[in-house]
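Participant:
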Amino acid sequence: MSASGGYEFSQLYHSSILAYSPGTTFLATAHLNRIIIRSTSTLQIVRTWICVKPPSPTTTPSLGSSSRRPVDNVSSTGEYSIDQLSWSGDSMYILAYSAQAKTCWVFGLAVEGSGEGGEIVRVGGEGVEGLVRVEWAKGRREVLAWSDHALKLSIYDLSTGDVKIIQYPKSHQNCHTYSPDGRYLAVAEKHLGKEYVGVYDVLDGYRLFRHFAIATSDVQGLLWSPCGKYLAAWESPLSYSVHIYSPIGPHLTNFTSSSPSFSPTSSTEDPGLGIRTVTWAPGGRWIALGGWDGKVRIVESEGWRCVAVLAWGARTTEKDVTVWREPGEWLKDTRGRGIVQFDRQPLPAGIPTVRPDLTKSNPRMGVSQLSFDSDATLLLVRLDTQPNVVHIHTFLPTPNAEVPTITHLTSLIFSNPVRSAKWCTSNGEGKGRKLAVSTKGGAVYFWDGEGGWVEDGEEETGKGGTMEGVGIPSPNEFSVIDTTWSPDGTSLAIQDKNQFCLLYDGDADVAAYQTEGEESTRRWSSANMDEGLTHVSEEDEDYEEGWSGRGMGLRQGVLA
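For the record, in the sequence shown the residue sitting at position 171 is 156 according to this note's numbering, with numbers rising by one throughout.
(1) Hey, how far is the Cα of Tyr230 from the Cα of Tyr185?
(2) Taking just the CA atoms, how far does Gly213 sit from Val119?
(3) For Lys179 and Pro154, what's the separation of their Cα atoms in angstroms?
(4) Could you tell me the boundaries of the alpha helix (DSSP H) in which Leu477 lies?
(5) Would Thr379 and Leu332 qualify as a contact pair, given that the criterion is a beta-carbon distance under 8 Å?
(6) Is the separation between the beta-carbon of Ala135 and that of Val128 shorter than 8 Å?
(7) Would you grab the beta carbon distance between Asn373 and Phe357 for me? Rounded to a whole angstrom, and I think it's under 8 Å.
(8) According to DSSP, Ser226 sits in a beta bridge with which residue or residues?
(9) Alpha carbon to alpha carbon, how far is Tyr65 from Pro165? Give it in angstroms, no decimals.
(10) How far does the beta strand (DSSP E) with Trp567 in it extend, from its first residue to its last?
(11) May I have the straight-line CA-CA distance separating Val204 from Ser26, to the nearest angstrom?
(12) Considering only the alpha carbon of each residue, which of Ser210, Cys291 and Gly190 lies closest to Ser243?
(13) Below 8 Å between beta carbons: does that hold for Tyr5 and Asp490?
(14) Should the stretch 460 to 474 be called in touch with the stretch 323 to 330, which here means at least 3 C-beta pairs below 8 Å?
(15) Between Gly434 and the rest of its own chain, which residues show a CB-CB distance below 6 Å, the 5 nearest in sequence each way excluded?
(16) Which first and last residues belong to the beta strand (DSSP E) in which Trp34 is found?
(17) Quick check: the stretch 207 to 222 against the stretch 264 to 281, are at least 3 beta-carbon pairs closer than 8 Å?
(18) May I have the straight-line CA-CA distance separating Glu523 from Ile22, to the nearest angstrom?
(19) Among Leu177, His196, Ile199 and Arg168, which has the Cα closest to the Cα of Leu188?
(20) So, using beta-carbon positions, are Ala546 and Arg367 closer together than 8 Å?
(21) Using a threshold of 8 Å, state whether the C-beta atoms of Arg349 and Pro337 are closer than that.
(22) By Cβ distance, which residues of its chain are closer than 6 Å to Leu487, with the 5 residues on each side in sequence left out?
(23) Express the C-alpha separation of Leu80 and Leu3 in angstroms, rounding to a whole number.
(24) Nearest by alpha-carbon distance to Asp142: which of Gly124, Gln152, His157 and Trp131 is it?
(25) In terms of alpha-carbon separation, which member of Pro235, Gly351 and Val422 lies closest to Val263?
(26) What's the call for Lys38, buried or exposed, on a 16-neighbour Cβ count within 10 Å?
(27) Report the residue from Thr392, Gln484 and Leu343 whose alpha carbon sits nearest the alpha carbon of Thr370.
(28) Looking only at its chain, what residues have a beta carbon closer than 7 Å to the beta carbon of Gly234, apart from the 5 residues adjacent to it on each side?
(29) What residue from Gly146, Ser396 and Val96 has the CA that sits closest to Arg300's CA?
(30) Classify Ile150: buried if its beta carbon has 16 or more other beta carbons within 10 angstroms, exposed otherwise.
(31) What number of angstroms, rounded off, separates the C-alpha of Ala497 from the C-alpha of Gln29?
(32) Look up His393 in the DSSP assignment and say whether it is helix, strand or coil.
(33) Report, in whole angstroms, the separation of the C-beta atoms of Trp315 and Gly427, which I expect to be a contact under 8 Å.
(34) From this set, Lys175, Leu363 and Trp297, which residue's C-alpha is nearest Pro389's C-alpha?
(35) Short check: CB of Ile67 to CB of Ser144, under 8 Å?
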């Protein structure tokens, strides 16, 4: 692959999922049931493993007979896909999970495990409970594992081998949350038909610290505020209701559709359905509630009143908003190797909107994403009724401001439905105001809040930032499904269904970055070689036809 304008692309590699290490030194990828650890700077292979599931023959009674027959399962040599990869906080261990195999594996980067595939520990793969979710805890080296049917949450301590069991967690999705300092874990639970929150002390072996009932009938999520003072618990879509608790138990408030500040225009507004998405602003003073009605309500912790309601129609008429629209057929015109600026639309501008089909069981409607940037100066919103659009609003005028100033800053209109929109994770100057967007197609898109646009051959600056599309110069068909920022913001991983590449900003010193990365990798591997770390040459990766990236013209660390 070659450079595309001001950006540099790496070679293509096969992978269905990937994860950067917390320090950005390594990149973990998976292809089928094989785990590959690469150096992020050079993409050279550092370590590989095969995730092996032991044979687990099970039996079930035949229909009309008392005899039992074996049930086919994933064999120990069969291939299955890895659905999740995640690193421990110290970057020394990697966790892999396969939903098909109902198993997770933990590998040590510098420690050779005793398992059949070199893993340190393997969880699941046997019994009828199943394994529906795993993740790293925020403690020392613990793994959280949820069994099927909400039976239990198991906490495995890799250091001691101890296992802590939390009975009857409400759900493996959104119903657990950590305090900002990682000291406590709060879990929504259901016992004898009633819902509770259990708060567990991580540093004391997950000992139960507090346990209190909550006033929900079907809690959908639990979220600890960044300030550590509040726990938010919201109801099912049948009721617009969020309860705020102190982590030690007292009920502080219940914000509902009947709250006095729910609507600034009508005291009888009915949202129809409840809350779909919830996020706290950095600092924890405000909470944003995205409803199934397509509106976002900002609730302030002082008095727990709604201070703003955001809504979007089929046409934007705000005076200062900037609307960007993707040019048509630009990928075809540039053969996927160009960078194009989006077209700035005159106001009032039309916003592509689809009407939800209410005859279906799960109609596409409501707020699907709410995301603050790192300092809460910007708020991103996506709606299912406007699948091709990303809205960005201002929030705090400065990171330390006491009062939000919420205005519609810009709307980004794409030719295809948006698949992901992610803020740059780095807090470096200007990086926190950069957004990467992916849609179905061979391009990735960037909005830069600090940039200006070019109009009539001259660069102009404005409040709406700048928006551009970057073609991915791939010789093969490449349809982006997701993007992942590196923790330090120096690269962006771009994924399609079976392969990925890395994008580097052309303004950065890529050669120096890669040289520094090579030296860092050599120092790290030299220090750990006696602990069992083995290297695999690039040729060893090509263990099956079509594995290695194909002739992308990699030269001097960047692609030409």
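Idealized CB from N, CA, C, for every residue including glycine.
Facilitator: For this structure:
(1) Take the alpha-carbon of Tyr230 and the one of Tyr185: they are about 16 Å apart.
(2) 24 Å
(3) 12 Å
(4) For Leu477, no alpha helix (DSSP H) encloses it; the enclosing beta strand (DSSP E) starts and ends at Ser476 to Gln480.
(5) no
(6) no
(7) Their Cβ separation, rounded to whole angstroms, is 22 Å, which puts Asn373 and Phe357 out of contact at 8 Å.
(8) Thr241
(9) 36 Å
(10) Residue 567 lies beyond the stretch modelled for the chain, which goes from -14 to 545, so this question has no answer here.
(11) 44 Å
(12) Cys291
(13) no
(14) no
(15) Arg418 and Gly450
(16) Ile30 to Ile35
(17) Short answer: they touch.
(18) For Glu523, the predicted structure reports a pLDDT of 39, less than 50, and the residue's modelled location is therefore unreliable. A value from the coordinates is still provided. Going by the C-alpha atoms only, they are around 12 Å apart.
(19) Arg168
(20) Lying before the first or after the last residue shown, residue 546 is absent from the chain, which here runs from -14 to 545.
(21) no
(22) Contacts found: Ser(-5), Ser476 and Ala478.
(23) 12 Å
(24) Gly124
(25) Gly351
(26) buried
(27) The residue with the shortest Cα to Cα distance from Thr370 is Leu343.
(28) Arg195 and Phe197
(29) Selected option, being the one with the closest Cα: Ser396.
(30) By the C-beta density criterion, Ile150 is exposed, having fewer than 16 other C-beta atoms within 10 angstroms.
(31) Confidence in Ala497 is poor, its pLDDT being 47 and thus under 50, which makes the residue's placement unreliable; the coordinate value appears in the next sentence. Using only the alpha carbons, I get a separation of about 16 Å.
(32) Note: His393 maps to strand in three-state DSSP.
(33) Between Gly427 and Trp315 the Cβ distance is about 11 Å, and since that is not below 8 Å, they are no contact.
(34) For the residues Lys175, Leu363 and Trp297, the minimum Cα distance to Pro389 belongs to Leu363.
(35) Cβ atoms of Ile67 and Ser144: not closer than 8 Å.
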